[in-house]
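Have a look at the structure below, then the notes.
In full-length UniProt numbering, the protein residues as written are 1 to 679.
Here's what the structure looks like:
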């Protein structure tokens, strides 16, 4: 008898068969062993799970089998007669200790029948898919329970989004993990009191609706009251969030109501800092004067050298300070040196690029509350959504690389619905989005019509000639899209301009079908008493269109990024002095409230539907009393027609993540997209 066999003689053994991880290895050993028939008989006679085979080692075959299995690392060390299976299930207690910022170290204690279990050893066994765990006392218990498997998954997810080598931590924004831990039957946790409070965020029907602040001079709609209560809840608990309501549903009003409440409860509190595009700054001061007249609003419109005073002096006595993204970025040190009750980032898609200075400044500003306000938290890809949530809710979606690995790649590339569900679950407590069709039934309908236009014969000849040249160039570059992206987009832009007017790129002269159709539409609309927004991404064509319609006797106002007196141009249209307003897509995409318009004409489509919808929603928003008619002018058999087809698939990523629709193709422009456009 071998020494290993002698060591085992006359003992009683429990042989644990791990069906999930070791079956193939055990079968290989059994096949090689001279006593294979004995072990096969034991396996066949047992049910799934831990295999208990009791025998005495007087049977040499049994001894040999045990020795082979132990030497091969395929069975647990022999358990003597003192070993027993636990009767009660394990109990898990979860405590927390605050480490830094938004993080809690999880203190997980596992016990069974009063005996403490080494959690790290238990977790390692769960990860290995072991079928049983043996305590030093000899007590053992099976690991194939659904509760333990769920605990393993939760812990793996918590580590997946953080440093796997660091301590086990859960971010206070990761409410879905807290909720899942609390739902496990085996957890008798002393849950952190913070969790008890914020649990309401996952149960909208349990959210207390707060009375409007007494100083609010507005009648809020039902969804606006909920939004105000939600914002106030976040503020009271030191949590940030993303208010992502559709354009025109009153995000400014809801935010001002929350700020007014803070002012009434704490009159001496530090001011709120609101960062907004230049075109929107006056909108904040105007709506504050109308809805929250008690709030003292200071608008910072120049740098310290030009205004001749330090920032602290300029904002003294203010309840709300409004500044542009550019000025905030330039004088970040001055803003960071002051105390703020909170930071509000309006039209926050302006800083969706996580490498930009504006993003870094917003993320680094020290303040207990940060709110992202945008109707389009994601335009092209999930990376933009991560960037904005990382400002308002740091840690919610993990680090950038971890987010890409865990969420972005599986969802965008593999259409992973399970990960999409996890992402929605994680976002739900901290991202509030309501669409017009869901919450504003009183809003008039929006009708959309695509007008396909045939190019003039000379225009067609010029377009087709240039198309051949640009197509050959782009197809030679597109295989290395990352390196050649700028040159490729320059070619696409030339074709887009050429589809509007050959003169825009110096290709020659030809009548523009767009200008002819626009003049006809404007004459009919203005003649019937309508007010019209005309939108284009190309300011040269927009200006040319305005001049052409002026020659036809149609008066208008004009606004693009270079317009010096924006307010005068806007008021000229809003007052009814002129019936037509030519606005560039970039200038019209942010903050304008132009419900006076009931016709919208888009002169040129592009693949980004979010940008178009932003501009259209200048007119189709709360306050509009008439139905809105939207015309899209598309040059037939050009790059514009291809763009219209592509745009539908690109809209889906936004909808399925934020609005809960089903998955489909998604992402930013890919090499395949560009080939389709240029074909």
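Glycine included, C-beta positions come from ideal geometry on N, C-alpha and C.
Remember, predicted model here, so these are calculated numbers, not experimental data.
Endpoints, the beta strand (DSSP E) within which residue i is located
| i | result |
| --- | --- |
| residue 452 | 446-453 |
| residue 391 | Unbroken run through residue 391 is the alpha helix (DSSP H), 382-392; no beta strand (DSSP E). |
| residue 243 | 241-243 |
| residue 298 | 297-300 |
Buried or exposed by the 16-neighbour rule on C-beta atoms within 10 Å, applied to residue i
| i | result |
| --- | --- |
| residue 251 | buried |
| residue 486 | exposed |
| residue 457 | exposed |
| residue 104 | Per-residue confidence for residue 104 stands at a pLDDT of 47, beneath the threshold of 50, marking its modelled position as unreliable; no derived number is given. |
| residue 627 | exposed |
| residue 265 | exposed |
| residue 677 | buried |
| residue 483 | exposed |
| residue 120 | exposed |
| residue 325 | buried |
| residue 541 | buried |
| residue 362 | buried |
| residue 608 | buried |
| residue 544 | buried |
| residue 449 | exposed |
| residue 283 | buried |
| residue 673 | buried |
| residue 565 | exposed |
| residue 263 | buried |
| residue 459 | buried |
| residue 271 | buried |
| residue 124 | exposed |
Cα-Cα separation between residue i and residue j, rounded to whole angstroms
| i | j | result |
| --- | --- | --- |
| residue 645 | residue 634 | 12 Å |
| residue 239 | residue 615 | 31 Å |
| residue 429 | residue 515 | 48 Å |
| residue 399 | residue 307 | 39 Å |
| residue 691 | residue 509 | Outside the shown range of the chain, which is 1 to 679, sits residue 691, and nothing can be said about it. |
| residue 492 | residue 539 | 17 Å |
| residue 305 | residue 332 | 15 Å |
| residue 502 | residue 467 | 12 Å |
| residue 390 | residue 258 | 22 Å |
| residue 386 | residue 244 | 14 Å |
| residue 246 | residue 436 | 6 Å |
| residue 146 | residue 89 | 12 Å |
| residue 447 | residue 629 | 5 Å |
| residue 517 | residue 537 | 18 Å |
| residue 139 | residue 148 | 17 Å |
| residue 87 | residue 129 | 21 Å |
| residue 454 | residue 606 | 18 Å |
| residue 642 | residue 490 | 17 Å |
| residue 431 | residue 370 | 13 Å |
| residue 699 | residue 592 | The structure shown has nothing for residue 699, since the chain only spans 1 to 679. |
| residue 423 | residue 241 | 15 Å |
| residue 357 | residue 327 | 12 Å |
| residue 122 | residue 83 | 18 Å |
| residue 529 | residue 618 | 19 Å |
| residue 318 | residue 297 | 6 Å |
| residue 675 | residue 488 | 11 Å |
| residue 301 | residue 451 | 42 Å |
For residue i, the residue or residues it bridges with in DSSP
| i | result |
| --- | --- |
| residue 142 | 132 |
| residue 581 | 533 and 557 |
| residue 370 | 343 |
| residue 275 | 323 and 345 |
| residue 551 | According to DSSP, residue 551 bridges with nothing at all. |
| residue 601 | 534 and 631 |
| residue 117 | 110 |
| residue 330 | In DSSP, residue 330 forms no bridge with anything. |
| residue 84 | 139 |
| residue 431 | 242 |
Residue interval of the alpha helix (DSSP H) (run including residue i)
| i | result |
| --- | --- |
| residue 636 | Element bounds for residue 636: n/a, residue is neither H nor E. |
| residue 474 | 457-477 |
| residue 358 | 357-364 |
| residue 292 | Where residue 292 is concerned, there is no enclosing alpha helix (DSSP H), given that its DSSP letter is neither H nor E. |
| residue 413 | 409-414 |
| residue 482 | 481-500 |
Any non-hydrogen atom of the ligand FMN within 7 Å of residue i CB
| i | result |
| --- | --- |
| residue 326 | The ligand FMN is not among the ligands present in this structure, which contains no ligands whatsoever. |
Item to check | Sufficient close CB pairs (3 or more, under 8 Å) joining the region 371-391 to the region 346-355 | outcome: yes
Checklist entry - How about the region 567-574 and the region 327-341: do they share at least three Cβ pairs that are nearer than 8 Å? => result no
Checklist entry - How about the region 553-561 and the region 577-586: do they share at least three Cβ pairs that are nearer than 8 Å? => result yes
Checklist entry - Is the region 288-296 in contact with the region 213-221, if contact means three or more CB pairs nearer than 8 Å? => result yes
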